[in-house]
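Notes follow the structure.
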Amino acid sequence: MATATSFRGTNYIVGEPILPRHRNIRTSSPSTAKKRLPGTSNVKVHGVISARAPPHTSLRRKNERSTSLPPCILQGNRKAPKFPSRPRVAACAGNEDLAQAVTVAISSNSLSQDISIAAFVAVAALVWIRLFKKLTKEGVLSQKLSRKLVHITSGTLFVLTWPLFSEAPNARFIAAVVPLFNGIRLVLLGTGVWNDPAAVNSLSREGDPRELLRGPLYYVLIMSTCTAVFWRNSVPGMAALALMCGGDGIADIVGRRYGKVHKLPWNTGKSWAGSIAMFISGVVLLAGFVAYFDALGYISHGVIDSAPGIIAVSLAATLVESLPVNRFFDDNFSVPLVASVVGMLVFST
Ligand SMILES: Nc1ccn([C@@H]2O[C@H](COP(=O)(O)OP(=O)(O)OP(=O)(O)O)[C@@H](O)[C@H]2O)c(=O)n1
Ligand SMILES: C/C(=C\CO)CCC[C@H](C)CCC[C@H](C)CCCC(C)C
């Protein structure tokens, strides 16, 4: 029997029988969302919601997701999820055993889904690095350019894979293992336990394996931390990674090419060209991340609403990157740190 319940001004239907093949259960799309229930008026129907996990118990903070409810439902269905293959929990009101069995089945399903996705992304990372290793070995890319292209692309692509993970609370930690796994590879290469000069060349400035224990290792550790701490429903983490990957990476490429003149007055090792490129690419990549996660319903900030915050974060990170403090603070540490702190100040999530 369906019963209507209300949360944050939106009415939901709780209950109705569950199908064992829960993966096939879909929430209704916005176009089918408005239906009438007997005895109610203007009720929005957003699929069948678990009797064990009503919206108010699932909502830990704004936008945060439960194992069963996508953010669009928690937010009163601002948007429908674009990945409907994620399991949606349904349960029989009044049938606790069945509801529990389904919850257990979904939890184990989420775990295997997350492990498979993490394994897939880890393999994709190996293939990606191998491609750059080959291009450097064949002289298509210089060592410096290869390192910066790996720096720009691997983090960006990794962030784009976040929606593939399930809505389970542990999904973020399983995703965070992917950069950690790459960190182990860097430690093995950097300490010489694993001897692969071609891989070292594609990831280092001068070909010295010990370099991998600094910038590249900080990079994967920051990526792992942002994944586990901020994840896909929090803009400060996206800001940290956008500025570290896109901003800092582009500053180097543009600065080396066009920054021979017009050096910064407070740091003659860096140029206006590099810093302006960092600011613009940081803004563009962070706006891209915000648009992507907003479109998928993970965050409630649109690009336009977020524009002042995006500009503030990018300016702060660009300023820090331009300071002559590289010898003490690696850019892969200082840039994401400042971007995430400013991000936490200017974005509510
Ligand atoms: N704002 C910036 C940043 C970088 N550069 C150029 O890019 C080069 C590399 O800068 P940077 O990335 O800071 O140097 P590294 O610390 O050597 O590299 P990484 O951060 O990748 O470790 C600089 O020498 C400079 O020519 C620039 O002109 N302006
Ligand atoms: C050279 C680097 C930084 C120096 O400033 C970057 C090092 C990159 C790591 C070795 C690899 C990181 C892989 C990502 C965590 C996952 C990428 C997955 C994607 C689908 C390709």
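Residues 349 to 697, numbered by the numbering used here, are exactly what the sequence shown covers, in order.
Glycine is no exception: its CB is placed at the ideal position from the N, C-alpha and C atoms.
Source: prediction; values computed, not measured.
1) Relative to the alpha-carbon of A524, which residue among F637, T539, L569, F677 has its alpha-carbon at the smallest distance?
2) Can you find at least 3 beta carbon pairs, one from the segment 645–658 and one from the segment 673–686, that sit closer than 8 angstroms?
3) Please state whether DSSP places N615 in a helix, a strand or coil.
4) Quick one: give me the first and last residue of the alpha helix (DSSP H) that H610 is part of.
5) Under three-state DSSP, which class holds S456?
6) Less than 7 angstroms between the CB of N530 and some heavy atom of ligand 2, yes or no?
7) According to DSSP, is R426 helix, strand or coil?
8) Rounded to a whole number of angstroms, what is the C-alpha to C-alpha distance between P557 and K482?
9) Indicate whether the contact test is met: 3 or more Cβ pairs, each with one atom in the segment 480–498 and one in the segment 514–523, closer than 8 angstroms.
10) Assuming C593 and I477 make a contact with CB atoms under 8 angstroms, what is their CB distance in whole Å?
11) Does the beta carbon of T509 fall short of 7 angstroms from some heavy atom of ligand 2?
12) Applying the 10 Å Cβ sphere with the 16-neighbour rule, what's the burial state of K618?
13) Using the Cα positions of G597 and F578, report the straight-line distance between them to the nearest angstrom.
14) Name the residue from S662, L671, T504 whose alpha carbon lies nearest to the alpha carbon of S688.
15) Quick test of your reading: V609 and G622, contact by CB under 8 angstroms. State the CB separation rounded to the nearest angstrom.
16) Does the beta-carbon of W510 have 16 or more other beta-carbons within 10 angstroms, so that it is buried, or is it exposed?
17) Is any heavy atom of ligand 2 found at a distance shorter than 7 angstroms from the C-beta of S477?
18) Under 7 angstroms Cβ to Cβ from P564, same chain only, skipping five residues before and after it: list those, please.
19) Which residue wins for smallest C-alpha separation from T575, given the options V526, H649, D445, Q491?
20) Mind checking T616: buried by the 16 CB within 10 Å criterion, or exposed?
21) Please list the terminal residues of the continuous alpha helix (DSSP H) segment that includes L663.
22) Can you tell me whether L693 is buried or exposed, with buried defined as 16 or more other CB within 10 angstroms of its CB?
The short version:
1) By 1-based counting over the sequence shown, the position of residue 524 is 176. Minimum Cα distance to A524 is reached at L569.
2) The segment 645–658 makes no contact with the segment 673–686: fewer than 3 CB pairs, one atom from each, lie closer than 8 angstroms.
3) Here residue 615 is taken as the residue at index 267 of the sequence shown, counted from 1. Correct three-state label for N615: strand.
4) For the purposes of this step, residue 610 is identified with residue 262 of the sequence shown, where counting begins at 1. Element bounds for H610: n/a, residue is neither H nor E.
5) The count along the sequence shown starts at 1 and reaches residue 456 at position 108. S456: helix per DSSP, three-state reduction.
6) For this step, residue 530 is matched to residue 182 along the sequence shown. A heavy atom of ligand 2 is found nearer than 7 angstroms to the CB of N530.
7) Residue 426 sits at position 78 when you count from the first residue of the sequence shown. The pLDDT assigned to R426 is 46, lower than 50, so where the model puts this residue is not dependable; a value taken from the coordinates is nonetheless given after this. Under the three-state reduction of DSSP output, R426 falls in the coil class, being neither helix nor strand.
8) Within the sequence shown, the letter at position 209 stands for residue 557. Within the sequence shown, the letter at position 134 stands for residue 482. Distance from the CA atom of P557 to the CA atom of K482, rounded to whole angstroms, is 18 angstroms.
9) Flag = no, the segment 480–498 and the segment 514–523 do not touch.
10) In the sequence shown, the residue the question calls residue 593 occupies position 245. In the sequence shown, the residue the question calls residue 477 occupies position 129. About 15 angstroms separates the beta carbon of C593 from that of I477, a gap too long to meet the 8 angstroms contact definition.
11) Numbered from 1 along the sequence shown, position 161 holds the residue referred to as residue 509. T509: yes, Cβ under 7 angstroms from ligand 2.
12) For the purposes of this step, residue 618 is taken as the residue at position 270 of the sequence shown. Buried is the call here.
13) Here residue 597 refers to the residue found at position 249 when the sequence shown is read from its first residue. Here residue 578 refers to the residue found at position 230 when the sequence shown is read from its first residue. F578 has its alpha-carbon roughly 22 angstroms from the corresponding atom of G597.
14) Taking the first residue of the sequence shown as position 1, residue 688 is located at position 340. Of the candidates S662, L671, T504, the one whose C-alpha sits nearest the C-alpha of S688 is S662.
15) By one-based count along the sequence shown, residue 609 stands at place 261. By one-based count along the sequence shown, residue 622 stands at place 274. Not a contact, Cβ separation roughly 12 angstroms.
16) Numbered from 1 along the sequence shown, position 162 holds the residue referred to as residue 510. Around the beta carbon of W510, 16 or more other beta carbons sit within 10 angstroms, so the residue counts as buried.
17) By one-based count along the sequence shown, residue 477 stands at place 129. For the sequence presented, residue 477 should be read as Ile rather than Ser. Yes; taking the cut-off as 7 angstroms, the Cβ of I477 has a heavy atom of ligand 2 nearer than that.
18) Against the sequence shown, residue 564 aligns to sequence position 216. Cβ neighbours of P564 beyond the five flanking positions: L534, L551.
19) Along the sequence shown, read from residue 1 onward, the residue named residue 575 stands at position 227. With distances taken between CA atoms, T575 lies nearest to V526 out of V526, H649, D445, Q491.
20) Here the question's residue 616 lines up with position 268 in the sequence shown. The residue in question, T616, is exposed, as its Cβ has fewer than 16 Cβ neighbours within 10 Å.
21) Taking the first residue of the sequence shown as position 1, residue 663 is located at position 315. Per DSSP, L663 belongs to the alpha helix (DSSP H) from 651–670.
22) Along the sequence shown, read from residue 1 onward, the residue named residue 693 stands at position 345. Counting of Cβ neighbours within 10 angstroms places L693 among the exposed residues, the total staying below 16.
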